[in-house]
Amino acid sequence: MASKMPEKPDHQKFRVVGKRGVPGSLSYPIATGRAKYPRDLVFPDMLFARVLRSPFARAKIQRIDTSQAEALDGVKAVITWDDPELRAMPMPYPASKTPVLSNQAGREGDEVGVMVAAESEELCDEALKRIKIEWEVLPHILDPREALDPDAPVLHPEAKPSNVDLVNNWEDGNVVAGFQECDHVVEFDYAAPLTTTFHSMPLTIISKWEQDPMDSEGPILYTPPLYRDKGLAVAREAFQLPWAQVRPITLYVGASYCDSDPRRVSRLVPLLAKRTGRPVRLAYTRREVFDVAGSQVYAHVKVGFNNDGIILAAHGKTIASSGVESDIERSTTDLAAFRMTKALHIKNETTYVYTNTARGAYLRGFPASSDLLARAIHSIAEQLNQDPTETLLKNMHTPEPSVKECLEKGKAAIGWKWHPAGTRKLANGRMHGMGFRMRDSHGWGSTTAISLKLKTDGKVYMPFGSAYFGVFGQDALAMVVAEEVGARLEDVVVQMDPVAPFSFIVGGSGIGSTAYAAQQAAIDLKAKIMAAGAANLKVKPEQVDTKESTVYLKADPSKTVPFKSLVSDAVGQLGSLNSLWQGPTPTRYDGTLRKLGPVNIIFGEVEVDTEIGQVEVTQMIGVADAGKVLRPSSFEGQLEGCMVWTISKAKTEDYIFDKATGVLLNGSTLEYKPATILDIPAMQTITVETRTGGGVYGSTGAGENFWDQSVISSAVFNAIGKWIDNPITPDKVLKALGKA
Amino acid sequence: MVKEEEQNGSEKGVSRREFLTQAGWALGSAALGAGWTPSADERALQAAPEFESKYACPVDAQKFATFEELQAHFATAHPHVAAPVTTLRVNERDYPVQIEPQWTLQQTLQFKLGLTGAKTMCDRGECGSCTVIIDGKPALSCTTLAVECEGKSIETIEGIAANSRWNPLIQAYMKHDAMQCGYCTPGFIVTAKALLDKNPNPTEEDVRQALAGNLCRCSTYPRHAKAILEAAQGLRDGK
Amino acid sequence: MRRFDHLNATSIQEATSALKNKSAVFIAGGTDLIGRLKDEILPGYPELIVNLKTIQGLDYVHEEGGLLKIGAGTRLADIAADPIVRLRYTALGQAAGRAASPHIRRMGTLGGNISQLHRCWYFRAPQNRFECLRKGGKTCFALAGDNRYHSIFGAVNGCIAVHPSDTAPSLVALDARIKTTKRTIIAEDFWDVRVASCTVLDTDEIVTEVQIPAPDVGARSAFVKFALRKSIDFPIVNAAVFVGGGAARICLNAVAPKPYRATKAEQVIAGKSIDSRNTGAAGAAAAADSRPLEANRYKVQIAKVLVERALLECASAA
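Protein chains in written order, with our numbering: chain A, 64 to 803; chain B, 3 to 241; chain C, 3 to 320.
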């Protein structure tokens, strides 16, 4: 759906929106440990479950004998892949035709063959050990570049004739002609490793079927609303239930970061619960959560530019990994970011291929495209001896207002003073470097519904039905409602309610958009409040307005009636004044980027200790144009979180496999190395408000667009004159410097 | 107001209201604003509840109404199994539990005592999310055997939250949005409490060093020092 | 975890006698053992875990008779915080203060830290996925596999894994003695490369005390650690040095299956002024006998530089 800018942004002054100081409505349960996540739940008659995991990167089960497992005391269910109810379930990965559970494993650790439920996890593990399996071990592919070799094994022959999962080729203009106009060409290779979102809570599915005394339809399935409620959606589909019979088992689910694959277990665990008649809990170990990753990317890019440094043409060829299977469309690892420039000739050839590694997923958005643009800008600047911030600005087709303002503020904050690469050695002997990158801050929209009720206690209730994963979305919405209705913020009560109209927030990126729905519902409610207030004051609605949860006469503001008094007069003791707005919200990311709204720019400063190959990030500044910030603290929190991700992924994150066996060698918190608090420098966030976003008040999304993988490598390039792919580990730095 | 038996929820089947409570839905706390403090009955609710599945046999999972019945069953049904009885002193209450030797403290807290604040992010002692305080020192409950905890004084987030002395710490975390998804938050707060107990006037660097074993993937790192230093000030001011 | 029986030992006799059972292992802080048991990395699994923390009298730090004496049950955090250790046995205090994370430093003991098993992601892959030489198997999988973190000084008994302890090289540099229930061992003789063990200890032998000779006035020591993250991580390379009385002792760790005493480097720097030229030469000498693999060559450079910097730190402290 194309982006639609709402009417000229109203409100220049805000009473509530944009203010600080009110904690989140769920912050108390979270801080005090009362918030329950799926992993925390314990039911008295609960069973535990585990699925068999393949020790091999690619293998087929030829024979399976579960008799000894079934005989083990305390084992309550053993279900093999050929169970008819499993076979009948819709395929979770239709593109590769991989079913919910099969006899084929596509990666080391793949769920395969059989699952068990027993009185304890130890019994489950014991049961799995007693299952006799004959494996046929097959050759595997780890490197996506090898997937296209003519003699590479075809990983999904029943679905595709080759290992090509998806092709995304497009061309704007005519690159052949475009390159002919160029004065210079820069060409580079880029690689991004497999990395994961690394969810805080290792996936845990706990499911139970219960008759609800208020509902006569049939047993209700309670299961975790993982990953933007997809955990519910796939279970509903698998068991062909009406939505009335599927409910979230918790409000809190831990973080999502755009990884929206609810895994096979979202279907498998409810089946075990159904068969055994008891609640069932399946808790992934941390190692098992390395099943999904963002794509591994190898790109070769050619960029043509003129003597001023203006990009005229760009051509990129990318191979990216889908992993063993994938359920999402991707438009990531391509040259889309170049559409923010004046270049009219852009050709993109992206091929996604299957490999026997982690399943491909979104990685909190689409970082790679932004990386390629950043690399181009820095390379062009270096070649022409230009300040890359100037190079960026002159290349933007829409430099104002957002790019210019973000750039100016960021440069001032970090003390930007460009030097050519590898030319500034500090007194401590280290090499100094600075880099930056710009991304568009698009916002996602969706179909959503917001319902508001002003009740006889004078409070506006907003039932909100969405799992909580940390973006304070409902709090931002409450501020918009308070603003538009003219209520005090404490009189707007968010009620997290699992059966409320579905109020879908697409992470931080969707808040501005969903807030539009809240605004529209609030405007409607305000009209009703004013009508009731006017009637109470015996005047016409156009003679009144609202503030501080009262209706007041504009001509004589001392004449007021509080909201509390209006409702029962208007609709009786048991009623409420209601509004409901539903529909597709206006902001949709269309990817053309030919219209540029708010952007965000992140600057990083590094010192490279060239003796030991260590990169020290000494400063980071994040400047983000919110369009209009709704809740400043959580907006900044998204930016900070992404800045830390930028550092973590640049320095230490990678999936490391043993080549011979395809076994994941670093599948632990310790070896995967997400950044600790000591690994981050002083960081500053700066909020800009150009009101050019597509959400309410010209706001835009916050979150997925705030991180990418290029800032640190650009800064390192500026420090030592070498481009090093993530993760920028000491072995690579020393090798680049000729010291190893 | 939420009643104590609803907080418990486990043995009685799950009615709608209990479900909502178990899931941690913020009934009533949506009105929280700056300067909020828990009332006396809220504090009483916050105390660790009696969690009845601690009377479940660790070997065959049969449930008993009292600890004595469980022990009697154990003596006759599993005479050769070593399943130590141990008393755990948690948040200043004594809990006799019968568990298996390989149970970690975190498992015991969760599955026997209904205290779920100590979280599993890694279960390998590599992330700090399971932090509790044992005899005044932060410890990783996933890497601590419950049978080694007899005679020790254990504090969990639930106990800290129920103790009004620590309101400034809870409030500072809330005020500074020092959480996002919230899964790591109890581990940080427990670690912070232990720090402030030992060092009521820490520097920012002291705080960062103390939290060096706590991972946050939402990356709220920049907020914790602010919140903890503000809490320290509040504690010194006697708030 | 799979079940095991457990004994809270109340005396050393009770502990050593229980450990005579071939399938018993001791637990100190548990910060290595419990993770390993959860992952079931070894082909066998202990039937009995013997808790040493319940033995009184193993937790102390004091000087006596010209020796610093540290009970094997002393927690790393307490060693790091001890003012005598920080002042006069600096390399050990710094090492104990840089190990792992603050939580683990409060749980982990000195005895456990030096007894921990080596680090190799093949050895430690869960469910004994790679039954290598150190488990009684026939192959070292790291040799042909990913060995970026492994030994730069070649194999010992066919194994190229590294010993990961931070305190170990400091004990060697400080010329420590390890006192057990059966004998007193010179620190650098304490480690070995065996099946499922990194020490010379018998299965029923436990460390009771670590002794370090009091340094002369004017002697200095330092410890430097290089890891990818600034907390939690094991070292990629660490280095401990001691200079005093015209002598030098230099020990590296995480570079070989046992802590590596850099005797050539010692000879280069002993008695010489600690300036950048001499320390550079010492660093180069420390790496002189390295035999790195293609993937871990970078560790040679890091080892050189850490030796230099540890020595320079001694000079600036003087």
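Even for Gly, the Cβ is constructed at its ideal location relative to N, Cα and C.
**OP:** May I have the straight-line CA-CA distance separating Asp554/A from Met176/B, to the nearest angstrom?
**Re:** One C-alpha to the other measures close to 19 Å.
Subject >> Other residues of its chain near Ala254/A: CB distance less than 6 Å, five sequence neighbours each side excluded >> reply: Tyr361, Asp788
**OP:** Would you list the residues sitting across from Gln100/B in a DSSP beta bridge?
**Re:** Val87/B
Original post:
In chain B, which residues lie less than 7 Å from Val707/A when you measure between Cβ atoms?
Top reply: Ser221, Tyr223
Subject >> Expected contact under 8 Å - CB spacing of Val796/A and Val678/A to nearest Å >> reply: 7 Å
Original post:
Does Glu232/B have its Cβ less than 8 Å from a Cβ in chain E?
Top reply: The question asks about chain E, but that chain is absent: this structure's protein chains are A, B and C.
Subject >> CB contact flag (Asp742/A, Arg231/C, <8 Å) >> reply: yes
Original post:
Based on Cα-Cα distance, which residue from His165/C, Ala258/C, Arg107/C lies nearest to Leu119/C?
Top reply: His165/C
**OP:** For the beta strand (DSSP E) containing Lys181/C, list its first residue and its last residue.
**Re:** Following the DSSP letters along the chain, one finds Lys181/C inside the beta strand (DSSP E) bounded by residues 179 to 182.
Subject >> Closest by C-alpha distance to Thr56/C, when choosing among Val99/B, Glu70/B, Gly153/B >> reply: Gly153/B
Original post:
How many Å lie between Phe666/A and Gln104/B at the Cα?
Top reply: Near 49 Å, if we compare the C-alpha coordinates of Gln104/B and Phe666/A.
Subject >> Cross-chain neighbours of Glu468/A in chain C, by beta carbon under 7 Å >> reply: Those do not exist, as Glu468/A stays about 35 Å from chain C at its closest Cβ, beyond 7 Å.
Subject >> Residues bridged to Cys59/B [DSSP beta-bridge criterion] >> reply: In the DSSP output, where bridge partners are listed per residue, Cys59/B has none listed.
**OP:** Measure from the C-beta of Lys785/A to each C-beta in chain C and report whether the shortest distance is under 8 Å.
**Re:** no
Subject >> Range covered by the beta strand (DSSP E) that runs through Pro625/A >> reply: 619 to 625
Original post:
Under 8 Å between C-beta atoms, does Glu668/A make it to chain C?
Top reply: no
Original post:
How about Lys516/A and Gly549/A: do their beta carbons lie closer than 8 Å?
Top reply: no
**OP:** Starting from Gly215/B, find everything on chain C with Cβ-Cβ shorter than 9 Å and list it in chain order.
**Re:** Ala102, Ser103, Pro104, His105, Ile106, Arg107, Ser233, Ile234
**OP:** Report yes or no: is there a C-beta of chain A within less than 8 Å of the C-beta of Tyr300/C?
**Re:** yes
Original post:
Which residues in chain A sit within 7 Å of Pro188/B, going by Cβ to Cβ distance?
Top reply: Gly96
**OP:** Anything in the segment 257 to 277 of chain A with a Cβ closer than 9 Å to a Cβ of chain B? List those residues in chain order, please.
**Re:** Thr260, Phe261, His262, Ser263, Met264, Pro265, Thr267, Lys271, Glu273, Asp275, Pro276, Met277
**OP:** Please confirm if Val307/C has its CB atom under 8 Å from at least one CB of chain B.
**Re:** no
**OP:** Report whether the distance from the Cβ of Ile57/C to the nearest heavy atom of the ligand SAH is below 7 Å.
**Re:** With respect to small molecules bound, the structure shown includes none, and the ligand SAH cannot be examined in it.
**OP:** Out of Ala30/C, Leu50/C, Leu313/C, point me to the one whose CA is closest to Thr76/C's CA.
**Re:** Ala30/C
Subject >> Residue-chain proximity (Asp84/C, chain B), Cβ-Cβ < 8 Å >> reply: no
Subject >> As assigned by DSSP and simplified to three states, the class of Gln269/C >> reply: helix
Original post:
Could one say the Cβ of Arg185/C lies closer than 8 Å to chain B's Cβ atoms, at least one of them?
Top reply: no
Original post:
Within this structure, are the beta carbons of Ala778/A and Gly533/A separated by less than 8 Å?
Top reply: No, these two residues do not count as a Cβ contact at 8 Å.
Original post:
At least one CB of chain B closer than 8 Å to the CB of Thr286/A: is that the case?
Top reply: no
Original post:
How many Å lie between Ser776/A and His460/A at the Cα?
Top reply: 25 Å
Original post:
Counting Cβ pairs closer than 8 Å, one from the segment 139 to 156 of chain C and one from the segment 289 to 303 of chain C, do we hit at least three?
Top reply: yes
Subject >> Minimum C-alpha distance to Ala296/A - residue among Arg330/A, Pro282/A, Ser319/A, Pro276/A >> reply: The residue with the shortest Cα to Cα distance from Ala296/A is Arg330/A.
**OP:** Could you tell me which residues DSSP puts in a beta bridge with Glu199/A?
**Re:** Lys123/A
Subject >> Chain-order list of residues whose beta-carbon lies under 8 Å from that of Ala215/A (same chain, five-residue window excluded) >> reply: Ile204, Glu209, Asn226
**OP:** Go to Ala377/A, then tell me how far its beta strand (DSSP E) extends in each direction, as first and last residue.
**Re:** 374 to 386
Original post:
Can you list the residues of chain B that Ile743/A reaches, using a CB-CB cut of under 9 Å?
Top reply: Ser221, Tyr223, Pro224
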